[in-house]
Each structure stands twice: as structure tokens, then as C-alpha cells.
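Numbering (our numbering), first residue to last: 22 to 271. Just below is one structure, and these are the notes that go with it.
Below you can see the structure in the form of C-alpha cells.
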């Protein structure tokens, strides 16, 4: 396996790319927020062994890619630049968390894409809610997010949260133009780390989100849902499952 490293220019931002070679059907792997392309180290080998052309990249503002405030058009443009630079023909796009949201947005614009996968990517947990007073739960989650942003004092994080607010994820799923698999983690590990009131609201969000997602999937033939018995880092806990999904579906 011949691996090559590149920096791909994208609207003034350099995107760090690792091309794992191969001449089979291509797949691009996108990591989550605060992570790097190294997250995919356990997923790449079985894909390459199966003959796939695998390319990984650091998202803008992450890893060895250039600093840039987040935007969905910017991130999708970065992905398009990587695909063009590496000469990939209609690759599958698989992303974790933030990268999974990029994959979902990509799926609304590229009917030629054979498969897009969102591994447990969510926007802000401010609704829908189930089993609680929705207005109270929304105030709790909004207050928690605002306090976290104030404590962090990071303009890039503030911009990212604003971009999450601007993305209607259910409408994005309903608008998919290629096969899209949304993978949800079944282990609610986040609640264990939150203050009790916030944990209760977050649990209500998980239930409400799952219910709405099932409704959208029932009306969207190209959308498939998959629950896995892992925490949020699906690709780290079950790399074989993720690789198998790509090989089976894309």
C-alpha cells in the first residue's frame, strides 16, 4: 500500500489529505470535531484490503489543515476540492460526528454519490424533546450551551455552534439525493458526564430526535437508519462494523 500526503488548496484554505492508494471504488473518510484523520487508522486497512481507494482528510480548522471559521458551504467546497485533486470518480463519503454532517449535506447535492454515511453526527441538542416539558428542556440545553461557549471564549467554537443552529438536519435528511445511512450510537454515555438537569434534558432530546428521525426515514426511500451498540465514537469502538457497512452498501 503506497500512502501519499498532500495539501489541497480550497478557497484560500489548505486541506491536509492522505491518499492510501488503490484503484477500486473510492471512499473519502471525514473525522469529527476536534479530531483528525488519524481517527480512521483502524477503518482504512480492511477497506484497502478489499480493493477500495481510500482518502482521508483533516477538516478545515483541524489537524494539519489551515485555520478557518466553519461554514457548511466551505466544508462541502473543501470536500469537492479534495475529490477533484485526487481524481476520484463519485466516491462514497463517510463521516463521523461533524464529518458525518458534512456527508449528509453532500448527499443533498450529489445524486451521483453511491453512498453517504453519517456516524452519530448531530446538531445542537435543543429539540425535539420527548417525555418532558419541551420549552423547559430547550431553555436548559440552550443555557448549558451558552455557558459553555462563554467559558471557552473561542470564536471558532462560537461560529461552529451558530452553524449547527442554522442547519435543519431533518430537512437535510429528507432532501438526500443519494443513498444515505444514518448510524446512531445506542449507549447514552453523554448523560453520565452532564449535570443532572442537563442530563435529563439531553436524554429527552435523544428520545425526541430518534422518534423524529424514524418519521423522516419512513418518508424518505434513500434514507436508512442503523443503530449500533457503541458510544459516540462508532468508528473507534467498532471499526470493522464501519468498514463492513461501506463494503456492503457503497
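The beta carbon of each residue, even a glycine, is placed where N, CA and C say it ideally should be.
Exercise. First and last residue of the alpha helix (DSSP H) that includes residue 270?
Worked result: Here residue 270 refers to the residue found at position 249 of the chain shown. Unbroken alpha helix (DSSP H) run through residue 270: 260-270.
Problem set entry | Helix, strand or coil at residue 214 [DSSP, three-state] | Stepping through the chain shown from its first residue, residue 214 is reached at position 193. Of the three classes helix, strand and coil, the one that applies to residue 214 here is helix, per DSSP.
Exercise. So, using beta-carbon positions, are residue 74 and residue 44 closer together than 8 angstroms?
Worked result: For the purposes of this step, residue 74 is identified with residue 53 of the chain shown, where counting begins at 1. For the purposes of this step, residue 44 is identified with residue 23 of the chain shown, where counting begins at 1. In this structure, residue 44 lies closer than 8 angstroms to residue 74 by Cβ.
Exercise. My guess is that residue 212 and residue 230 are in contact by the Cβ rule of under 8 angstroms, so how many angstroms apart are they, rounded?
Worked result: Locating residue 212 in the chain shown gives position 191, where the first residue counts as 1. Locating residue 230 in the chain shown gives position 209, where the first residue counts as 1. Between residue 230 and residue 212 the Cβ distance is about 14 angstroms, and since that is not below 8 angstroms, they are no contact.
Problem set entry | Stretch pair the region 161-179 + the region 103-119: three plus CB contacts closer than 8 angstroms | no
Exercise. Within 10 angstroms of its Cβ, does residue 128 collect 16 or more other Cβ (buried), or is it exposed?
Worked result: Position 107 of the chain shown, counted from the first residue, corresponds to residue 128. Label assigned to residue 128: buried.
For this session: Select from 261, 201, 215, 124 the residue whose C-alpha is nearest the C-alpha of residue 18.
Result: Outside the displayed range of the chain (22 to 271) lies residue 18, so it cannot be described from this structure.
Problem set entry | Exposure of residue 137, with buried meaning 16 or more beta-carbon neighbours within 10 Å | On the chain shown, position 116 is the one that residue 137 refers to. Under this definition residue 137 is a buried residue.
Problem set entry | Limits of the unbroken alpha helix (DSSP H) element including residue 33 | Taking the first residue of the chain shown as 1, we reach residue 33 at position 12. Premise fails: residue 33 is in no alpha helix (DSSP H) and is neither H nor E.
For this session: Would you list the one or two residues that DSSP bridges to residue 77?
Result: Here residue 77 refers to the residue found at position 56 when the chain shown is read from its first residue. Looking at the DSSP assignment, residue 77 forms a beta bridge with 39, 50.
Exercise. For the alpha helix (DSSP H) that residue 169 lies in, which residues bound it at each end?
Worked result: Counting from 1 along the chain shown, the entry for residue 169 is found at position 148. It spans 155-173 - the alpha helix (DSSP H) in which residue 169 sits, taken as one unbroken run.
Exercise. What residues match up with residue 107 in a beta bridge as DSSP calls it?
Worked result: Working through the chain shown from its first residue, we reach residue 107 at position 86. Bridge partners of residue 107: none, in fact.
Exercise. Hey, would you say residue 234 sits closer than 8 angstroms to residue 188, going by beta carbons?
Worked result: As a working mapping, residue 234 is identified with position 213 in the chain shown. As a working mapping, residue 188 is identified with position 167 in the chain shown. Not a contact, by the Cβ cut-off of 8 angstroms.
Problem set entry | For residue 26, three-class secondary structure by DSSP | Here residue 26 is taken as the residue at index 5 of the chain shown, counted from 1. Strand.
Problem set entry | Bounding residues of the beta strand (DSSP E) (the contiguous stretch that carries residue 190) | For the purposes of this step, residue 190 is taken as the residue at position 169 of the chain shown. Looking at the DSSP string, residue 190 is not in any beta strand (DSSP E); the run it does join, the alpha helix (DSSP H), is 190-195.
Exercise. Excluding five sequence neighbours on each side, which residues of the same chain lie with their C-beta closer than 6 angstroms to the C-beta of residue 87?
Worked result: Indexing the chain shown from 1 puts residue 87 at position 66. Once the five neighbours on either side are set aside, the close Cβ partners of residue 87 are 34, 35.
Problem set entry | Sequence-distant residues of the same chain with beta carbon closer than 6 angstroms to residue 180, five excluded per side | Along the chain shown, read from residue 1 onward, the residue named residue 180 stands at position 159. Excluding residues within five positions, the ones whose Cβ falls inside 6 angstroms are 90, 91.
For this session: State the DSSP-derived secondary structure class of residue 82, mapped to helix, strand or coil.
Result: Within the chain shown, residue 82 is the residue found at index 61, counting from 1. Coil.
Problem set entry | Buried versus exposed, by CB contacts within 10 Å (16 or more), residue 26 | Mapped onto the chain shown, residue 26 falls at position 5. By the 10 Å Cβ count, residue 26 comes out exposed.
Exercise. Is the closest heavy atom of the ligand COA to the C-beta of residue 220 under 7 angstroms?
Worked result: In terms of ligand content, the structure shown is empty, and the ligand COA therefore cannot be addressed.
Problem set entry | Residues that residue 245 bridges to, as DSSP identifies them | On the chain shown, residue 245 is found 224 positions in, with the first residue counted as 1. Residue 245 pairs with 202.
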